[in-house]
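Single-structure report; data block below.
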Amino acid sequence: MNRPFGSLTFTVNGERRTAAAAPGRRLSEVLREDLKLFGTKVGCDAGDCGACTVLLDGAPVCACLTPAARASGAEITTVEGISGQGANALQRSFLRHGAAQCGICTPGMLMAASALLAETPHPTRAEVEDAIGGVLCRCTGYTKIVDAICDAATVDADEAIPEPGRAVGARIERLDGRPKVVGTEVFGADYLPQGAMDVRAIRSPHHAASFTIGDTVSWAAQAPGKVQVFTAADIPGINCFGTIPPFADQPAMAASRVRLRGEAIAIVVAETATLDEIDLSSFPVTWHPEPCFVSLDTEPDAPLHETRPDNLLITGFVQTGDVDAALANTAHVASGEFETSYVEHAYIEPEAGVAWPEGHTLCIQACTQAPVMDRDDTARILGLPEEKVRIIPAAAGGGFGAKLDLSLQPLIGLAALKTGRPCRMIYSRAESMMSTTKRHPAKMTARIGCDAGGKITGMVFDGDFNTGAYASWGPTVAVRVPVHASGPYKTPAYRAKARAKHTNGPTAGAFRGFGVPQAAILQETVYDDLAEKAGLDRLAFRRLNALQDGDRSVCGQELHGVGIAACLDALRTPWHRALDRAAEFNAAGGQARRGVGIASCWYGCGNTGLPNPSTIRIGITPDGTLNIHQGATDIGQGANTVVTQIAADALGLPIAQFELIGPDTHLTPDCGKTSASRQTYITGKAALLAAQALRRDILARSNMGEDARLRLHGRTLVITDGTASHDIHLADLPENPHGYVLSAEETYDPPTEGLDENGQGKPYAVYGYGAQIAEVEVDMVLGTVKVHNMTAAHDVGRVVNPMLAEGQIEGGIAQGLGMALMEEYIPGRTENLHDYLIPTAGDMPSIESILIEVPDPEGPMGLKGLGEHVLIPTAPAILNAIRHASGARITRLPALPHRVLAAIRATR
Amino acid sequence: MRYERPETIVQATHLLAEADSNAFVLAGGTDLLVKMQSDGFEADLVVDIKSIAGMGDVVEADDTFVIGAGVPCAALGENDALVAAWPGVVEAANLIGSTQIQGRCTVVGNLCNASPAADSVPALVAAGAKAKIAGLGGTRMADVLDIPTGPGKTSLKKGEIVEAIVLDKPLARSGDAYLRFIPRTEMDIAVVGVGINLVLDEGGAVQSARIALGAVGPTVILAEDAAQALVGSKLEETALDVMAAACSAASHPIDDKRGTVEFRKQIAGVLARRAARIAFDRAGGN
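So the sequences go chain by chain: A and B.
Per this note's numbering, residue 1 is the first one in the first sequence, and the count goes up by one each step.
Per this note's numbering, residue 909 is the first one in the second sequence, and the count goes up by one each step.
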């Protein structure tokens, strides 16, 4: 389809452009590759995600499904075309409302909205939802996007910049937002160095197979240009990686045997035009398929990994008290079982990046959540010293856990090393879905007891988690689940076991909550049964058992700053209102029934009983530039903004004066990985300590008291204290090796203790808490579920940025809703975004967020993490609401209409 | 791969007739461009029909509407006369994909892609639509019902192109409706789709009915027993019960992740009841 076919002329953003375009080429490809208009994103190449939406003669179209030839003579508008000299009113509204998180869907959203606003300047929410229905977003839950589009006609005043000391708590725009809305943000696929070649992988079509690679030299020679093939045999270092070093078991490319569909066995490197002419399905490889099993339903004959008998990767265990005695002698016992599916992260940006040699250093600019882990593992695979690998995280178009693991980094790194040229790789949607990690499918059982008054007496939990072909974060899931399966409730006797077991399914890794969302579904649904048995209101039952300050967790840890009771108290009025609304609706009769459900969460922030430090450097240059070296990858959640807000207030200078540096392993100290809801707390605390240290230094130099005010005017730092004033002339001070005249660098590592053989210890230094109410409507004849409202109360200790916190809640609810109602990844069957469904704008409920501040004694300024907490209560709250509405007891996710209908029938 | 953009239908049919193999017609491209990305898909010839005069037109004559093969589905919703005449057909066509897809995809493409879940096809079949087919020997007319013969397969012969869909003007006291079932709010593939067209007699009872079921068999199913169950009724519960049961009986779906066999059969009946009510209202029944 890509042989030259003359040229094609059209108008792009008001300019006449000509492109040499084969007729079958996609408009998206011509815009990005030929015209270098990288603002138009490609998420699926199938019209499912809408990220590539552009205007063709004013009408929104998917550029990926528009043959370039069809654009001939037409007028095309891309996000670059609406940006002009800066952000237009719609783009400013996106910033003001926090409508862009990772930003990958933003250009498509903006273009779809532009088409609507051109005809309807003051649209209703329903009109907006309809207009953006074809553009998927995985971060925001759409709420703030709809807000922004509805409010686009408002003329905004310049944003008030918070005074020093007032940044924390302020609803400020994200500091890195502008490039996301004007289309200049550089994601993994958006940087194309001069002379770059493309890399494509040959992947296994089988779940399990051995293979032999044939004559690749002859095969490559048939291509119309130079083609190089590299396999496991070309890997110079140790062809084995893993996110947790003792469990490392995954090859960058398989050598002779594959354990999952989609596993890479070779890479093909060539000029893009050459690659386009090659049929990769003709690659010379002979497959010898082996017996395989992708679910826990069937037991394999042989272990996937020789060192792991019974395919058992690890067992997590927590025990306290005599739970058997407790449950034998208690007033009420309820039990349940639950099964969940593989869930795909479905970020709108498939993995992408580019590697190039720079002197003796290998640079890799790719999507990631863990730059230092990428550097260390890539260096080991490629046989390079760590300092010779530089990881420059590209803007990540969503992550949610899957971009913690290596994906293409070693592949493009190897290609660049071998060829000496920049090498780029962009995963197709299918490749991304097939080969990267998923949420663990779980099969769980639980028994929980309470006394006659409703107080929990004991709980037993047992779960098998399908960890897929390789270890990835399986150990973390198996350890986290037993620690958290009690929920945020006082449970005096407890025994919980979670096993991570290998199958030939996709590798299950990290996904927002590390197994805790699955466990919470079982515990919270069984709690509804117990409340009923105890004759208590479901919220009152939870409130009665809520952990209190000074209580011990199931790990024996004394807890402080416990906010679950405050969250439940905040929900009491909304709960009763919702119950009244449902009762009123149901009184009218009919085929639709409404119901209300509630569920809680708790979640420990940071690694489980293991070190996970972050380091922040803040410095002032001789010319008065104030830099913060912020190494935490911002995957849309807002680390760049909140970490700087904390630093600004601790230092006492306005946030607007900070320049962000990094992340970049050559420029920023290690801030660890963006996972486990740890960045705001741990990197935030490092920023607090560094800023405080710098302030102390400045005050000591000027001999001023703690309450002194700092002002940075050009090259002068002015310190005033009442009537006294002192100037520090920055250019007069000596520079340190980093180029700073004043600077501080501080490291913070949470004070935790490892778990003993009974899971007793102090696994986390800080926990966050929350609870959510779901209001649903069930069609009793079709089995469909519509979630109308969610009310979410989350204890964040201290709100750093309410807009970003709400954005996390809304986005977490969207993912929780998807997990509850529609998402099920089936290897080989759902490797696209029309068979794997995620919520669209029209699926979202109205969401009310209630932010609770119960300060944590350890967290910086009292704050706690939030990123994963927000997803945990959503699915169980929805399931409890379905049961309340219809009587249907769902025991397998997702609650697809046919399962809901079968469950309704089972009640009759 | 060869790309051709003929300017007449005769040229197009010749190109297709003379092609060795793997020749495809390009209309909106929303199916073809996705297929072209898949492994092992080979196209030796693509015939782009959008430059052929008349392909992009909806022509209203005294007795008919003729919808050209290049008309995007969005354009159907902008044609007031067509919306008034065949609201069910237009609703079905406007359920395909998102706004972005709507601007490109075509009803003829939806038909010739021959997906068992195609949204527009049950509505067209219920409406008694015909396909105008151009070939080397001239044009012929065929019932839309007879075009798909299995998933991805059609009864079109080599060199034939569906040039247009022809819908008769609706009879007096008639109304049509289409409903589909999907687990998501929008942008999904039908789990079950039901198109119904009812004609009432002067007394307001159903005089004739056509009911077409989608996604419950390899091709669209014309449920004649179900339709017969409504004749003479004013959609009394008993008639609807018989009709719904007949729809379920006529369905022979597959079990897949979107729904079980049992579920799909039941939903066919439930949707048919709801669609029948809408069609009845549109026909002026009460």
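All C-beta atoms, glycine included, are put in the ideal place defined by N, C-alpha and C.
Integer Cβ distance of residue i from residue j, believed to fall under 8 Å
i         : j         : result
A/Ala632  : A/Ser614  : 7 Å
A/Lys490  : A/Ile456  : 6 Å
A/Arg429  : A/Cys64   : Not quite, the Cβ-Cβ distance comes to about 10 Å (not below 8 Å), so this is no contact.
A/Gly399  : A/Gln365  : At roughly 16 Å, the Cβ-Cβ gap does not stay under 8 Å, so A/Gly399 and A/Gln365 are not in contact.
A/Gly397  : B/Ser1006 : Not really, about 19 Å apart at Cβ, beyond 8 Å.
B/Ser1028 : B/Ala983  : With 8 Å as the limit, B/Ser1028 and B/Ala983 do not qualify as a contact, their Cβ atoms being about 13 Å apart.
A/Tyr764  : A/Cys567  : Not confirmed; about 18 Å, so no contact.
A/Thr274  : A/Gly225  : 3 Å
Helix, strand or coil at residue i according to DSSP, with G and I counted as helix
i         : result
A/Val718  : strand
B/Arg1185 : helix
A/Ser846  : strand
A/Lys438  : strand
B/Leu1121 : strand
A/Val12   : strand
B/Leu953  : strand
A/Leu544  : helix
A/Glu349  : coil
B/Trp994  : coil
A/Tyr527  : helix
A/Arg3    : Because the pLDDT of A/Arg3 is 43, which lies under 50, any placement of that residue in the model is unreliable, and the question is left without a value.
B/Ala1072 : strand
A/Ile235  : coil
A/Pro291  : coil
A/Asn801  : coil
B/Gly1116 : Before going further, note that residue 1116 of chain B is Ser rather than Gly in the sequence given. Strand, per DSSP.
A/Arg512  : coil
A/Arg908  : coil
A/Thr665  : coil
A/Val854  : coil
A/Thr633  : coil
A/Cys567  : helix
Residues that residue i contacts on chain A, provided the C-beta gap is smaller than 9 Å
i         : result
B/Asp1133 : Here the premise fails: no neighbours, minimum Cβ distance about 22 Å.
B/Ile1069 : Correct list: empty, because the minimum Cβ distance to chain A is about 18 Å.
B/Gly1122 : Those within 9 Å of B/Gly1122 in chain A number zero; the least Cβ separation is about 16 Å.
Contact list for residue i against chain A, beta-carbon separation under 7 Å
i         : result
B/Arg1012 : Val61, Leu65, Thr66
Contacts of residue i in chain B (Cβ-Cβ under 9 Å)
i        : result
A/Ala112 : Ser1006, Thr1007, Gln1008
A/Arg829 : Asp1164, Lys1165
A/Thr475 : The residue you asked about is not Thr; residue 475 of chain A is Pro in the sequence shown. Within 9 Å Cβ-Cβ: nothing; A/Pro475 doesn't reach chain B, min ~30 Å.
A/Asp843 : Arg1092, Thr1093, Glu1094
Chain A residues whose Cβ lies nearer than 8 Å to that of residue i
i        : result
B/Leu934 : Pro67
Amino acids of chain B, ordered along the chain, whose beta-carbon sits closer than 7 Å to that of residue i
i        : result
A/Ile826 : Lys1165
A/Thr9   : Chain B residues near A/Thr9: none, gap ~16 Å exceeds 7 Å.
Worksheet item: Which residues, in order along the segment 938 to 959 of chain B, keep a beta-carbon less than 8 Å from a beta-carbon of chain A?
Response: Thr938, Leu941, Val942, Met944, Gln945, Asp947, Gly948, Ala951, Val954, Asp956, Lys958
Worksheet item: Which of the residues in the segment 1090 to 1103 of chain B, read from start to end, lie with their CB under 7 Å from any CB of chain A?
Response: Pro1091, Arg1092, Thr1093, Glu1094, Met1095, Asp1096, Ile1097
Item to complete: Could you run through the segment 39 to 51 of chain A and flag, in chain order, every residue whose CB is less than 8 Å away from some CB of chain B?
Response: Asp45, Ala46, Gly47, Asp48, Gly50
Worksheet item: Can at least three beta-carbon pairs, one atom from the segment 669 to 686 of chain A and one from the segment 129 to 147 of chain A, be found at a separation below 8 Å?
Response: no
Discussion item. So, does the segment 1068 to 1079 of chain B touch the segment 1090 to 1100 of chain B, judging by three or more C-beta pairs under 8 Å?
Written reply: no
Discussion item. So, does the segment 559 to 576 of chain A touch the segment 503 to 513 of chain A, judging by three or more C-beta pairs under 8 Å?
Written reply: no
Practice prompt. With 9 Å as the limit, tell me which residues of the segment 1131 to 1165 of chain B have their beta carbon closer than that to any beta carbon of chain A; keep them in chain order.
Written response: Asp1164, Lys1165
Worksheet item: If contact means a Cβ-Cβ distance below 8 Å, which residues of the segment 993 to 1018 of chain B contact chain A?
Response: Gly1005, Ser1006, Thr1007, Gln1008, Ile1009, Gly1011, Arg1012
Discussion item. Contact between the segment 345 to 357 of chain A and the segment 655 to 664 of chain A is defined here as three or more beta-carbon pairs at a separation below 8 Å; is this criterion met?
Written reply: no
Worksheet entry | the segment 441 to 452 of chain A contacting the segment 334 to 341 of chain A, beta-carbon criterion three pairs below 8 Å | yes
Worksheet item: Relative to chain B, which residues along the segment 507 to 539 of chain A have a C-beta separation below 8 Å, given in chain order?
Response: none
Practice prompt. Taking a Cβ distance cut-off of 7 Å, strictly less, list which residues of the segment 1167 to 1190 of chain B are near chain A, in chain order.
Written response: Gly1167, Thr1168, Phe1171, Ile1175, Val1178
Item to complete: Residues of the segment 654 to 670 of chain A with a CB closer than 9 Å to any CB of chain B: list them in chain order, please.
Response: none
Worksheet item: What residues in the segment 729 to 762 of chain A bring their beta carbon closer than 9 Å to a beta carbon of chain B?
Response: none
Discussion item. So if I threshold CB-CB distances at 7 Å, which residues from the segment 785 to 801 of chain A count as touching chain B?
Written reply: none
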